[in-house]
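First up is the structure itself, then whatever we jot down about it.
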Amino acid sequence: VEVSQGTVREALLLLQEEGLVHRQPHRGTTVSDCRAEDAEELIRLRHDIECRGVKRAIAREGGALVDRMAAHLKEMQAAADAGDEYLLSVHD
6 VEVSQGTVRE ALLLLQEEGL VHRQPHRGTT VSDCRAEDAE ELIRLRHDIE
56 CRGVKRAIAR EGGALVDRMA AHLKEMQAAA DAGDEYLLSV HD
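Position one of the sequence shown corresponds to residue 6 (the working numbering), numbered consecutively onward.
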(Lines of atoms letter the chains of each structure in order from A and count residues from 1; the text may use other names and numbers.)
(Lines give C-alpha, C1' and ligand atoms only; values in the text may rest on other atoms or scores of the structure.)
Protein backbone atom coordinates (compact mmCIF):
# COMPACT_ATOMS: atom_id res chain seq x y z
CA VAL A 1 0.00 0.00 0.00
CA GLU A 2 1.40 3.35 -0.98
CA VAL A 3 0.83 5.94 1.74
CA SER A 4 2.75 9.15 2.25
CA GLN A 5 4.82 9.69 5.38
CA GLY A 6 2.67 12.69 6.22
CA THR A 7 -0.48 10.58 6.22
CA VAL A 8 1.11 7.96 8.45
CA ARG A 9 2.48 10.62 10.79
CA GLU A 10 -0.96 12.23 11.08
CA ALA A 11 -2.61 8.87 11.77
CA LEU A 12 -0.04 8.09 14.48
CA LEU A 13 -0.66 11.49 16.10
CA LEU A 14 -4.39 10.78 16.20
CA LEU A 15 -3.78 7.34 17.70
CA GLN A 16 -1.47 8.92 20.27
CA GLU A 17 -4.16 11.46 21.21
CA GLU A 18 -6.55 8.55 21.78
CA GLY A 19 -3.96 6.84 23.98
CA LEU A 20 -3.69 3.86 21.64
CA VAL A 21 0.02 4.27 20.88
CA HIS A 22 3.08 5.73 22.61
CA ARG A 23 5.58 7.74 20.57
CA GLN A 24 9.14 8.11 21.77
CA PRO A 25 11.60 10.38 19.96
CA HIS A 26 14.35 8.42 18.19
CA ARG A 27 12.82 5.14 19.42
CA GLY A 28 9.62 4.81 17.42
CA THR A 29 5.99 4.14 18.16
CA THR A 30 4.56 1.24 20.14
CA VAL A 31 1.01 0.07 20.74
CA SER A 32 -0.31 0.85 24.21
CA ASP A 33 -1.15 -1.96 26.59
CA CYS A 34 -4.81 -2.93 26.66
CA ARG A 35 -6.56 -4.24 29.75
CA ALA A 36 -8.69 -7.36 29.29
CA GLU A 37 -11.82 -5.42 30.29
CA ASP A 38 -11.14 -2.78 27.62
CA ALA A 39 -10.58 -5.44 24.96
CA GLU A 40 -13.82 -7.20 25.92
CA GLU A 41 -15.74 -3.93 25.71
CA LEU A 42 -14.28 -3.19 22.27
CA ILE A 43 -15.27 -6.66 21.08
CA ARG A 44 -18.84 -6.14 22.36
CA LEU A 45 -19.04 -2.74 20.65
CA ARG A 46 -17.72 -4.13 17.37
CA HIS A 47 -20.23 -6.98 17.54
CA ASP A 48 -23.13 -4.58 18.13
CA ILE A 49 -22.07 -2.23 15.32
CA GLU A 50 -21.50 -5.04 12.83
CA CYS A 51 -24.81 -6.76 13.64
CA ARG A 52 -26.76 -3.53 13.20
CA GLY A 53 -24.96 -2.82 9.95
CA VAL A 54 -25.71 -6.29 8.61
CA LYS A 55 -29.40 -5.99 9.49
CA ARG A 56 -29.63 -2.65 7.68
CA ALA A 57 -27.73 -3.94 4.65
CA ILE A 58 -29.93 -7.04 4.38
CA ALA A 59 -33.06 -4.91 4.61
CA ARG A 60 -31.73 -2.82 1.71
CA GLU A 61 -30.17 -5.50 -0.49
CA GLY A 62 -31.99 -8.70 0.43
CA GLY A 63 -31.08 -12.28 -0.40
CA ALA A 64 -28.12 -11.58 -2.69
CA LEU A 65 -26.24 -10.06 0.22
CA VAL A 66 -27.07 -13.03 2.43
CA ASP A 67 -25.63 -15.36 -0.22
CA ARG A 68 -22.41 -13.30 -0.49
CA MET A 69 -22.03 -13.18 3.28
CA ALA A 70 -22.58 -16.94 3.56
CA ALA A 71 -19.80 -17.48 1.00
CA HIS A 72 -17.47 -15.23 3.02
CA LEU A 73 -18.37 -17.11 6.19
CA LYS A 74 -17.40 -20.42 4.56
CA GLU A 75 -14.08 -18.90 3.45
CA MET A 76 -13.50 -17.55 6.97
CA GLN A 77 -14.14 -20.98 8.47
CA ALA A 78 -11.75 -22.63 6.01
CA ALA A 79 -9.08 -20.03 6.80
CA ALA A 80 -9.60 -20.51 10.55
CA ASP A 81 -9.39 -24.29 10.20
CA ALA A 82 -6.14 -23.88 8.24
CA GLY A 83 -4.74 -21.39 10.78
CA ASP A 84 -4.42 -18.73 8.05
CA GLU A 85 -4.91 -15.47 9.97
CA TYR A 86 -4.28 -13.29 6.91
CA LEU A 87 -6.93 -15.00 4.78
CA LEU A 88 -9.30 -14.95 7.74
CA SER A 89 -8.91 -11.16 8.00
CA VAL A 90 -9.44 -10.77 4.23
CA HIS A 91 -12.87 -12.40 4.50
CA ASP A 92 -13.81 -10.72 7.79
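Positions of the beta carbon are idealized from the N, C-alpha and C atoms, including for glycine.
For Gly11, the enclosing alpha helix (DSSP H) has its first and last residue at Gln10 to Glu22.
If you draw a straight line from the Cα of Glu22 to the Cα of Leu50, it is about 21 Å long. Counting only the Cα atoms, Val8 lies some 30 Å from Val59. Per DSSP, Arg28 is one residue of the beta strand (DSSP E) stretching across Val26 to Gln29. Between Leu70 and Ala62 a beta carbon distance of about 6 Å is seen, short of the 8 Å cut, so the two are scored as contacting. For Gly68, the enclosing alpha helix (DSSP H) starts and ends at Gly68 to Ala87.
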